[in-house]
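I have placed the structure first, in the form of structure tokens, so that the comments after it can refer back to it.
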Amino acid sequence: MEEQKQFEKLLKPIQRQLLFQLIIKEGQLLFLLAGAMSFLLIVVASFVVVPFLVYYFIAIFALTCIVFLIRVWRFRPGLYESSAVYNSFVTEDRVITAYSFLGKHGVLEQLQLADAVSRMKKVQNQVLKRKKLKFYPKWLAAGMMFMIAAIIVYNTIPNTFETAKQLEKEIKLVQEVEKNLEKKLEKEKNPEVKKALKEAQEKLSEAKTAKEALKELEKQSKKLELQSLKEKEKQKELETWKNELERNGLADISKFIEQKNLEELEKGLKSLNNNWDKLSEEQRKALSQISQKEQKLTDEELEQLLKQLESALQSPELLKQLAAAQAAIQNTGINMQNQMIKDGLPPSQMAFAPPGQTNGGNQQQGKPQNGNSQTPSQNGQPNNGNNSGSGSGTGSGSGSGSGSGSGSGSGSGSGSGNGSGSGTGTGSGSGSGSGAGLGKGSREMLTIPNRLQGDSNTENDFGPLGEGAKGQQQEGDGPILKGNIKPYSEVFNTYEKAYRQSTERLELPSDLGDIVKNYFSNIDPNEE
């Protein structure tokens, strides 16, 4: 028993040496494997945009380490491998024979084991000082070549890797915006705002790039804007109906609407519906304006009308919620645009404009005020307004009282305005200038460009839209003619007709079609 312990004690140092040799060998194999996989990854990434490439390298390293540990554990040396090392220094295979006798207690086995131990002690120093480390130059050279080749490919094909870095920035930006939306959702209490932010968050999670995410935010903002326009239309229709009721002797119903008293409103409408035959023609028309029925309503139709009125009465509060939701989405979009510009990822177009600005170029805005600036008038009459313009001309006149004037002339710049003033006396003068106008101007006259003589050919493409990049076609510069001054009422019909023809190809939603229709109704000079 004592000889067996001595035998195992002599083998332990050799066993540790063999384990260290195994680790060195597997490490060299690990280097070769990591180099080959890195090269393959770089080659693939040079053809396909692969964001977060460093994460793939980390995954490769982790995978090779797992393989390394598995192989070391599987092929770890034991007593037999250690006995084989000693056996090469002891003749007649005495060490291997002694190893086979371990655990046996016969006399012959014990004598063989004792003889092996005595001989192992004699050659112990030689065994411990033997050459231990073993390198594999081919493995190391191959691994190094793969590494160098990967570095060369990475530096010679930079475009794909630059695109991958840009995509990484966009993905991180989208993730950051999603986190900000999550924080806003936790703090927000307004149900409509929470609903809009939740929907925006879901859309962002589906976006692959920052531009797609920004586009989704813009769509969400436009959707809220369309809902706001629909609610405004409801308010406008309700206000018109309320005025009609007052004019036709149904002031009680109008009062209930003003007070938002649904219970009394329901009773009043049921009473009027039950006494339909006793109502005057004007009163019937007033009631039919909102119900779209020129006859007595059924119970189902009356219930539907009440629901419609209830929705319209709740429209102001919903409009505030929609405005708050749209503001939250716009703030998120503005922050995202600013971050994209900061990270060197400017969007192709500014989907969200900062407060106080618009997406367009020089737009006229503001309300007319008195005394801020003056616009030259060719008729000699005083004009005051909150706009600046340009024009040239001379004229004289006299008069007293109040009024407004307009004139035409040639010059550089654009601008029109309304004004009021009073005064007496005569005056003459001339003026010229240039500049862009600010303010809401008159619609009386417009400058329309002249057209050259010749045939006018219009080519329309009514085929289905496909995929592909947009294209442009440019013609050479042609002569430019001065425009003519024409009344606004003459131009409006042509403009409206041209716009409606251009939209015939599209199938607009009913809500959007109503908005377009109301837009032309609002700017129609015949209805002003």
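The sequence shown begins at 1 in UniProt numbering and counts up one residue at a time.
Glycine is no exception: its CB is placed at the ideal position from the N, C-alpha and C atoms.
Check your understanding: Whole-angstrom Cβ separation of VAL72 and LEU22, contact assumed at under 8 Å?
Key -> As a working mapping, residue 72 is identified with position 72 in the sequence shown. As a working mapping, residue 22 is identified with position 22 in the sequence shown. VAL72 to LEU22, Cβ: 6 Å. Contact.
Check your understanding: Would you call the CB atoms of GLN110 and GLU26 closer than 8 Å?
Key -> Looking up residue 110 in the sequence shown gives position 110. Looking up residue 26 in the sequence shown gives position 26. Not a contact, by the Cβ cut-off of 8 Å.
Check your understanding: Which first and last residues belong to the alpha helix (DSSP H) in which VAL154 is found?
Key -> Mapped onto the sequence shown, residue 154 falls at position 154. According to the sequence provided, residue 154 is Tyr. The question's Val does not apply to it. 137-156 is the span of the alpha helix (DSSP H), which, as asked, contains TYR154.
Point to revise | Enclosing alpha helix (DSSP H) for ARG119 [first to last residue] | key: Mapped onto the sequence shown, residue 119 falls at position 119. Its alpha helix (DSSP H) spans residues 107-122.
Check your understanding: So is LYS285 buried or exposed if we call it buried at 16+ other beta carbons inside 10 Å?
Key -> Here residue 285 is taken as the residue at index 285 of the sequence shown, counted from 1. By the 10 Å Cβ count, LYS285 comes out exposed.
Check your understanding: Ordered along the chain, which non-local residues of its own chain (more than five positions away) have a Cβ less than 7 Å from that of GLY356?
Key -> Walking along the sequence shown from the start, residue 356 turns up at place 356. In this prediction, GLY356 has a pLDDT of 47, which is less than 50 and means its spatial position is unreliable; nothing more can be read from the coordinates.
Point to revise | Reduced DSSP secondary structure (H/G/I, E/B, other) of THR332 | key: Your numbering for residue 332 matches position 332 in the sequence shown. In the structure shown, the three-state DSSP call for THR332 is helix.
Review point. Per DSSP, what kind of secondary structure is residue 530 in: helix, strand or coil?
Key: In the structure displayed, the chain extends from 1 to 528; residue 530 sits before or after that span and is not available.
Point to revise | C-alpha distance - PHE39 paired with ASN155, whole-angstrom precision | key: As a position in the sequence shown, residue 39 is number 39, starting the count at 1. As a position in the sequence shown, residue 155 is number 155, starting the count at 1. If I take the Cα positions, the gap works out to 13 Å.
Exercise for review: Determine the burial state of ASN125: buried for a count of at least 16 other Cβ atoms within 10 Å of its Cβ, exposed for fewer.
Suggested key: Position 125 of the sequence shown holds residue 125. Counting the other CB atoms within 10 Å of its CB gives ASN125 a total below 16, which places it among the exposed residues.
Check your understanding: So GLN276 is in the alpha helix (DSSP H); what residue range does that whole segment cover?
Key -> Here residue 276 corresponds to residue number 276 of the sequence shown, with the count starting at 1. Strictly speaking, residue 276 in this sequence is Trp, with Gln absent from that position. Run containing TRP276: none; DSSP gives neither H nor E here.
Review point. Exposed or buried, what is LEU69 when buried is set at 16 or more other beta-carbons lying within 10 Å of its beta-carbon?
Key: Taking the first residue of the sequence shown as 1, we reach residue 69 at position 69. When all chains shown are included, LEU69 counts as exposed.
Exercise for review: Determine the direct distance from the alpha carbon of VAL49 to that of LEU438, and round the result to whole angstroms.
Suggested key: Position 438 of the sequence shown, counting from 1, holds the residue named residue 438. Position 49 of the sequence shown, counting from 1, holds the residue named residue 49. The pLDDT assigned to LEU438 is 39, lower than 50, so where the model puts this residue is not dependable; a value taken from the coordinates is nonetheless given after this. Rounded to whole angstroms, LEU438 to VAL49 spans 49 Å at the Cα level.
Review point. Nearest to THR209 by alpha carbon, out of MET336, LYS12, ALA498, GLN6?
Key: Within the sequence shown, numbered from 1, the residue matching residue 209 stands at position 209. Nearest of MET336, LYS12, ALA498, GLN6 to THR209, Cα basis: MET336.
Check your understanding: Based on Cα-Cα distance, which residue from LEU309, ILE341, ALA323, PRO13 lies nearest to LYS260?
Key -> In the sequence shown, the residue the question calls residue 260 occupies position 260. Of the listed residues, the one whose Cα sits closest to LYS260 is LEU309.
Point to revise | Limits of the unbroken alpha helix (DSSP H) element including LEU63 | key: Your numbering for residue 63 matches position 63 in the sequence shown. From DSSP, the alpha helix (DSSP H) with LEU63 extends over 53-74.
Check your understanding: Straight-line CA distance for GLU87 to GLN28?
Key -> Counted from its first residue, the sequence shown places residue 87 at position 87. Counted from its first residue, the sequence shown places residue 28 at position 28. For the record, residue 87 in the displayed sequence is Asn; it is not Glu. Straight-line Cα distance between these residues: approximately 28 Å.
Practice item. From the DSSP output, in three-state form, read off LYS195 for me. Key: Reading the sequence shown from its first residue, position 195 is the one you call residue 195. Collapsing the DSSP output to three states places LYS195 in a helix.
Review point. For SER88, which of helix, strand or coil comes out of DSSP?
Key: For this step, residue 88 is matched to residue 88 along the sequence shown. In the three-state scheme derived from DSSP, where H, G and I count as helix and E and B as strand, SER88 is classed as coil.
Review point. What is the rounded straight-line gap between the Cα of LEU481 and the Cα of LYS219?
Key: Here the question's residue 481 lines up with position 481 in the sequence shown. Here the question's residue 219 lines up with position 219 in the sequence shown. Model confidence at LEU481 stands at a pLDDT of 46, short of 50, so the residue's coordinates are unreliable; what they give is reported in the following sentence. Rounded to the nearest angstrom, the two C-alpha atoms are 41 Å apart.
**Study point:** Under the three-state DSSP convention, the category GLN314 falls into
**Key:** For the purposes of this step, residue 314 is taken as residue 314 along the sequence shown, with counting starting at 1. Of the three classes helix, strand and coil, the one that applies to GLN314 here is coil, per DSSP.
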